[in-house]
Amino acid sequence: AQTVTQSQPEMSVQEAETVTLSCTYDTSENNYYLFWYKQPPSRQMILVIRQEAYKQQNATENRFSVNFQKAAKSFSLKISDSQLGDTAMYFCAFTKLYNFNKFYFGSGTKLNVKP
Amino acid sequence: GAGVSQSPSNKVTEKGKDVELRCDPISGHTALYWYRQRLGQGLEFLIYFQGNSAPDKSGLPSDRFSAERTGESVSTLTIQRTQQEDSAVYLCASSLSISTYNEQFFGPGTRLTVL
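Heads up: the protein sequence lines correspond to chains A and B, in order. If you read the first sequence in my numbering, its first letter stands for residue 20, the second for the next number, and so on. If you read the second sequence in my numbering, its first letter stands for residue 29, the second for the next number, and so on.
Given below as structure tokens:
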């Protein structure tokens, strides 16, 4: 079975600073995808960043980057130059490669960006 | 273009009543997913459709839950004899296909409250 764990229920950061959200997962699979999703108060889930496990290079999307440690089964999200619009719930998620019919989500981290 | 839409956005019902939740995926998306999100928790996978077929119904919480999809378009999640523990946000997502990775696009969800 696959499990995704986010151990930080809530975090705060000052505007323009950097924050890191943690995620660990458990799987026996060797190839898979990992994701970070953002859910603002509007409830609309938005894909922030994606990482393929077979790629060693950490994914980066503008101010968002990940630290993927496959051996440790760790997948943290770093948000640089935090903006007020980054305030949201952030969910880490996992899916097996070639089996995109089921996605496993963590319990989420509520991020508050303070002015 | 239009995104994934869900209706109603909010539904309040009395315990024991049946409810139908509707999802309109993005046109051309053959894969469709239903999730349940209880208050303060992550997304719980319920069921997926590839076309009109739902090969795996094991994620549905009980036999009171059913889902169907017609014309590779609209999907309906039905909850019979609702219970208070069914109160949650029900999210729908669609993607081009499950056979290769394609981004899931989420709808805004239906907030179900069972009194």
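We treat Cβ as the ideally placed atom computed from N, Cα and C, and that holds for glycine.
Endpoints, beta strand (DSSP E) assigned at residue i
| i | result |
| --- | --- |
| F110 (chain A) | 107-115 |
| N38 (chain B) | 38-41 |
| Q78 (chain B) | 71-78 |
| F122 (chain A) | Here F122 (chain A) belongs to no beta strand (DSSP E), and DSSP marks it neither H nor E. |
| R97 (chain B) | 93-97 |
| C42 (chain A) | Element bounds for C42 (chain A): n/a, residue is neither H nor E. |
| S31 (chain A) | 29-33 |
| Q34 (chain B) | 33-35 |
| S122 (chain B) | 116-123 |
| K97 (chain A) | 93-98 |
| A59 (chain B) | 59-65 |
| Y56 (chain A) | 51-58 |
Exposed unless 16 or more other CB atoms sit within 10 angstroms - verdict on residue i
| i | result |
| --- | --- |
| Q112 (chain B) | exposed |
| P28 (chain A) | exposed |
| R109 (chain B) | exposed |
| D114 (chain B) | buried |
| S86 (chain B) | exposed |
| G31 (chain B) | exposed |
| L88 (chain B) | buried |
| A121 (chain B) | buried |
| K74 (chain A) | exposed |
Whole-angstrom distance between residue j and residue i, CA atom to CA atom
| i | j | result |
| --- | --- | --- |
| E80 (chain A) | Q70 (chain A) | 11 Å |
| V40 (chain B) | N50 (chain A) | 42 Å |
| L140 (chain B) | Q33 (chain A) | 34 Å |
| M30 (chain A) | G99 (chain B) | 44 Å |
| A116 (chain B) | L67 (chain B) | 6 Å |
| G135 (chain B) | P53 (chain B) | 8 Å |
| Q65 (chain B) | T128 (chain A) | 14 Å |
| Q63 (chain A) | R50 (chain B) | 16 Å |
| T106 (chain A) | V132 (chain A) | 5 Å |
| V6 (chain A) | E48 (chain B) | Because residue 6 (chain A) is not part of the residues shown, which for chain A are 20 to 134, the question remains open. |
| S123 (chain B) | L143 (chain B) | 34 Å |
| Q78 (chain B) | A59 (chain B) | 5 Å |
| A20 (chain A) | S101 (chain A) | 35 Å |
| F93 (chain B) | I107 (chain B) | 5 Å |
| I65 (chain A) | D91 (chain B) | 31 Å |
| N86 (chain A) | Y61 (chain B) | 28 Å |
| V38 (chain A) | E96 (chain B) | 42 Å |
| L103 (chain A) | P134 (chain A) | 7 Å |
| V58 (chain A) | Q88 (chain A) | Reading off the sequence shown, one finds Gln at residue 58 (chain A), where the question assumed Val. So the alpha carbons of these two residues sit roughly 24 Å apart. |
Where residue i meets chain C, residues with beta-carbon distance less than 7 Å
| i | result |
| --- | --- |
| L49 (chain B) | Within the model displayed, chain C is absent; protein chains A and B are what it includes. |
Quiz prompt | Validate contact between the region 79-97 of chain A and the region 34-45 of chain A using beta carbons, cut 8 Å, 3 pairs | solution = yes
Exercise. Examine the Cβ distances between the region 81-92 of chain A and the region 40-60 of chain B and report whether three or more of them are shorter than 8 Å.
Key: no
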